[in-house]
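Trainee: Attaching a single structure in structure tokens format; questions to follow.
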Amino acid sequence: ENRFYKVLIDSRTGGIKSIYDKELGREMVDPEAPYGLNQFVARSSKTLEQRTIENVKINMGQKGPVCASIIITGGGVGCPQITQEITLYDNVKRIDIANRILKDYTPLWEIYFAFPFKIDNPDFQYEGSNAVVTPLVDQFPGSNTCYYAVQNWAKVSDKKIDITLSPIESHLLEFGGLWPCYISPGMHIAVMPVDRKWINSIPTEFTKGHIYAYVLDSNFRTNFSSAQQGDLLFRYSITTNKCDLKSGKSRDFGWATSNPLVPVIIEGKNEGQLEGNCSFAQIDQPNVLILTMKQAEDEDGIVLRLIETEGQIVDATITLPHLSIKKACLTNLVEENIKEIGFSEHKVTVPVKAFGITTIRLQTN
Numbered sequence: 519e520n521r522f523y524k525v526l527i528d529s530r531t532g533g534i535k536s537i538y539d540k541e542l543g544r545e546m547v548d549p550e551a552p553y554g555l556n557q558f559v560a561r562s563s564k565t566l567e568q569r570t571i572e573n574v575k576i577n578m579g580q581k582g583p584v585c586a587s588i589i590i591t592g593g594g595v596g597c598p599q600i601t602q603e604i605t606l607y608d609n610v611k612r613i614d615i616a617n618r619i620l621k622d623y624t625p626l627w628e629i630y631f632a633f634p635f636k637i638d639n640p641d642f643q644y645e646g647s648n649a650v651v652t653p654l655v656d657q658f659p660g661s662n663t664c665y666y667a668v669q670n671w672a673k674v675s676d677k678k679i680d681i682t683l684s685p686i687e688s689h690l691l692e693f694g695g696l697w698p699c700y701i702s703p704g705m706h707i708a709v710m711p712v713d714r715k716w717i718n719s720i721p722t723e724f725t726k727g728h729i730y731a732y733v734l735d736s737n738f739r740t741n742f743s744s745a746q747q748g749d750l751l752f753r754y755s756i757t758t759n760k761c762d763l764k765s766g767k768s769r770d771f772g773w774a775t776s777n778p779l780v781p782v783i784i785e786g787k788n789e790g791q792l793e794g795n796c797s798f799a800q801i802d803q804p805n806v807l808i809l810t811m812k813q814a815e816d817e818d819g820i821v822l823r824l825i826e827t828e829g830q831i832v833d834a835t836i837t838l839p840h841l842s843i844k845k846a847c848l849t850n851l852v853e854e855n856i857k858e859i860g861f862s863e864h865k866v867t868v869p870v871k872a873f874g875i876t877t878i879r880l881q882t883n
């Protein structure tokens, strides 16, 4: 428990049975869901039988002024060792989850982690490849609705609150429920029953705010092994906020958790020209991110790459207080110059298309 959340763990299943948001005065976990939040779920590709973690033990993990954690251990079918750590922080509204599983060579079992959020009439959104996608809406009729490839974040909302999930290692998510998938046509271990369709339940609407992280699928035998195995880590971060369509909080949270700051320790004091507190690069549009700032591949100048994240056409101004710009060019993705663009000594303004990527080359002192 911290100033933001109170988290309760089910000692029998190891799943989170309650997350109470003290600021919003809301319960975030659906008590009627078949599984607790972050509960391990194994499903047979052949029979659709579902099994969960066994021999659950719960212990205190970290306990200090910055953060505290609870550790759940046990085992499950195909996964003889499962360790799950739930972490809360003193002054950050964020729940971190680290699931480490030892997967053996048992084939034909899909592995999931459940996130059954308590949201009625849910609206889902997620970050795809250079786009924000609304499932069932922003896709062609007949395309897959059972699971989606998510980049840095997914969000479920009821127009009052937003719940954001950032899947750091496992990027396949199922929205609304645990949907049946299929046995690979290249499978030689088992034969799919002839009376069962390729997919026997395709969602056409989402009535529950449930999300399932689809982490392993050991039923393929085409150009790779039919049984995935190894010591694997799957991390997730969760936050909750009042619903605000224009705030970009889900984007900021997802990108921050997927691209954490990396501390570097420097021994001793070094004299230099920089102030103690300053920005090396600034951008004036909150919906535009700097993806890359590096030396050009041909070593002729500095290359910056920008991405727009909210589907809006904007002009973005980049400020580099400690570099003097001598020339600026718009380039393509392989850094071939297209045309020169205007600049001042420390600033350059460039157009960025909706969900587009813009690359520029700067020659500086």
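Once you know that position 219 of the sequence shown is 737 in the numbering used here, the rest is easy, because the numbers rise by one and skip nothing.
In this text, a Cβ means the ideal position worked out from N, Cα and C, and glycines have one as well.
If you're wondering where the values come from, they're calculated on a predicted model, not measured in any experiment.
Using the rule of at least 16 other Cβ atoms within 10 Å of the residue's Cβ for burial, across every protein chain shown, is residue 852 buried or exposed?
Mentor: By 1-based counting over the sequence shown, the position of residue 852 is 334. Exposed is the call here.
Trainee: Tell me the DSSP secondary structure of residue 707 in three-state form.
Mentor: Position 189 of the sequence shown, counting from 1, holds the residue named residue 707. Because the pLDDT at residue 707 is just 46, under 50, the model does not fix this residue reliably, and the value given afterwards should be weighed accordingly. Residue 707: coil per DSSP, three-state reduction.
Trainee: Output needed for residue 616: all residues of its chain with C-beta closer than 6 Å, excluding positions within five of it in sequence on either side, in chain order.
Mentor: Position 98 of the sequence shown, counted from the start, is the residue given in the question as residue 616. Cβ neighbours of residue 616 beyond the five flanking positions: 603 and 753.
Trainee: To which residues of the same chain is residue 814 closer than 8 Å at the C-beta, ignoring the five residues directly before and after it?
Mentor: Here residue 814 is taken as the residue at index 296 of the sequence shown, counted from 1. Sequence-distant Cβ neighbours of residue 814 in its own chain, meaning closer than 8 Å and more than five residues away, are 820, 821, 853 and 879.
Trainee: Between the C-alpha atoms of residue 661 and residue 823, what's the straight-line distance to the nearest angstrom?
Mentor: Here residue 661 refers to the residue found at position 143 of the sequence shown. Here residue 823 refers to the residue found at position 305 of the sequence shown. Each residue's Cα considered, the two are about 32 Å apart.
Trainee: Below 8 Å, can you find three or more Cβ-Cβ pairs linking the segment 791-803 to the segment 683-701?
Mentor: no
Trainee: List the whole-angstrom C-beta distance separating residue 671 from residue 772, where the pair is believed to meet the contact cut-off of C-beta under 8 Å.
Mentor: Indexing the sequence shown from 1 puts residue 671 at position 153. Indexing the sequence shown from 1 puts residue 772 at position 254. With 8 Å as the limit, residue 671 and residue 772 qualify as a contact, their Cβ atoms being about 3 Å apart.
Trainee: Report the CB separation of residue 605 from residue 585 in whole angstroms; it is logged as a contact under 8 Å.
Mentor: For this step, residue 605 is matched to residue 87 along the sequence shown. For this step, residue 585 is matched to residue 67 along the sequence shown. Between residue 585 and residue 605 the Cβ distance is about 6 Å, and since that is below 8 Å, they are a contact.
Trainee: Here's the rule I'm using: 16 or more other beta-carbon atoms within 10 Å means buried, otherwise exposed. How should residue 784 be labelled?
Mentor: In the sequence shown, the residue the question calls residue 784 occupies position 266. Label assigned to residue 784: exposed.
Trainee: Counting beta carbon pairs with one atom in the segment 724-739 and one in the segment 763-782, are three or more of them shorter than 8 Å?
Mentor: no
Trainee: Which same chain residues end up closer than 8 Å to residue 673 when comparing Cβ atoms and leaving out the 5 residues on each side of it in sequence?
Mentor: For the purposes of this step, residue 673 is taken as the residue at position 155 of the sequence shown. Answer for residue 673: 642, 643, 644, 680, 681, 682, 683 and 768, listed in chain order.
Trainee: Where residue 709 and residue 692 are concerned, what is the direct C-alpha to C-alpha distance, given to the nearest angstrom?
Mentor: Taking the sequence shown and counting its residues from 1, one reaches residue 709 at position 191. Taking the sequence shown and counting its residues from 1, one reaches residue 692 at position 174. Because residue 709 carries a pLDDT of 45, less than 50, the predicted location of this residue cannot be relied on, and no value is offered for it.
Trainee: So residue 757 is in the beta strand (DSSP E); what residue range does that whole segment cover?
Mentor: As a working note, residue 757 is residue 239 in the sequence shown. Element bounds for residue 757: 748-760.
Trainee: Enumerate in chain order the residues of its own chain whose CB-to-CB distance from residue 639 is below 7 Å, with the five nearest sequence positions on each side excluded.
Mentor: Start at 1 with the first residue of the sequence shown, and residue 639 comes out as number 121. The residues are 676.
Trainee: What does the Cβ neighbour count give for residue 529, buried or exposed, with the cut at 16 atoms within 10 Å?
Mentor: Locating residue 529 in the sequence shown gives position 11, where the first residue counts as 1. The residue is exposed, with fewer than 16 neighbouring Cβ atoms inside 10 Å.
Trainee: How big is the Cα-Cα spacing for residue 883 and residue 800?
Mentor: Residue numbering aside, residue 883 sits at position 365 when the sequence shown is read from its first letter. Residue numbering aside, residue 800 sits at position 282 when the sequence shown is read from its first letter. Taking the straight line joining both Cα atoms gives about 18 Å.
Trainee: Please classify residue 668: is it buried, with 16 or more other beta-carbons within 10 angstroms of its beta-carbon, or exposed?
Mentor: If you number the sequence shown from 1, residue 668 lands on position 150. With 16 or more Cβ atoms within 10 Å of its Cβ, residue 668 is classed as buried.
Trainee: Going by CA-CA distance only, name the one from 856, 531, 542 and 533 that's closest to residue 523.
Mentor: Residue numbering aside, residue 523 sits at position 5 when the sequence shown is read from its first letter. For residue 523, the closest alpha carbon among the candidates 856, 531, 542 and 533 is that of 542.
Trainee: What are the start and end residues of the alpha helix (DSSP H) that includes residue 771?
Mentor: Sequence index remark: in the sequence shown, residue 771 carries index 253 (1-based). Boundaries of the alpha helix (DSSP H) around residue 771: 767-776.
Trainee: Can you tell which of 570, 588, 612 and 781 has its C-alpha closest to the C-alpha of residue 598?
Mentor: Along the sequence shown, read from residue 1 onward, the residue named residue 598 stands at position 80. The residue with the shortest Cα to Cα distance from residue 598 is 570.
Trainee: Suppose you measure from the CA of residue 564 to the CA of residue 596; what does that come to, to the nearest Å?
Mentor: Position 46 of the sequence shown, counted from the start, is the residue given in the question as residue 564. Position 78 of the sequence shown, counted from the start, is the residue given in the question as residue 596. Roughly 15 Å between the two C-alpha positions.
Trainee: Expressed to the nearest angstrom, what Euclidean distance is found between the alpha-carbon atoms of residue 850 and residue 810?
Mentor: Here residue 850 is taken as the residue at index 332 of the sequence shown, counted from 1. Here residue 810 is taken as the residue at index 292 of the sequence shown, counted from 1. About 14 Å.
Trainee: Less than 8 Å between the C-beta atoms of residue 755 and residue 590, yes or no?
Mentor: Along the sequence shown, read from residue 1 onward, the residue named residue 755 stands at position 237. Along the sequence shown, read from residue 1 onward, the residue named residue 590 stands at position 72. The answer is no: Cβ separation not under 8 Å.
Trainee: So for residue 811, helix, strand or coil by DSSP?
Mentor: Looking up residue 811 in the sequence shown gives position 293. In this structure, residue 811 counts as strand in the three-state DSSP scheme.
Trainee: Does DSSP put residue 853 in a helix, a strand or coil?
Mentor: Your numbering for residue 853 matches position 335 in the sequence shown. Judged by DSSP in its simplified three-state form, residue 853 adopts coil rather than helix or strand.
Trainee: Taking the beta carbon of residue 621 as the centre, do at least 16 other beta carbons fall within 10 Å, making it buried, or is it exposed?
Mentor: Residue mapping note: residue 621 aligns to position 103 of the sequence shown, counting from 1. By the Cβ-count criterion, residue 621 is buried, with 16 or more other Cβ atoms from all chains shown falling within 10 Å of its own Cβ.
Trainee: Let's see if you can read the secondary structure: which residues bound the beta strand (DSSP E) around residue 641?
Mentor: Residue 641 sits at position 123 when you count from the first residue of the sequence shown. From DSSP, the beta strand (DSSP E) with residue 641 extends over 641-646.
Trainee: How do the segment 833-842 and the segment 863-873 stand: do at least 3 beta-carbon pairs fall below 8 Å, yes or no?
Mentor: yes
Trainee: Counting along the chain, where does the beta strand (DSSP E) carrying residue 681 start and finish?
Mentor: In the sequence shown, residue 681 corresponds to position 163, counting from 1. Here the beta strand (DSSP E) through residue 681 covers 679-685.
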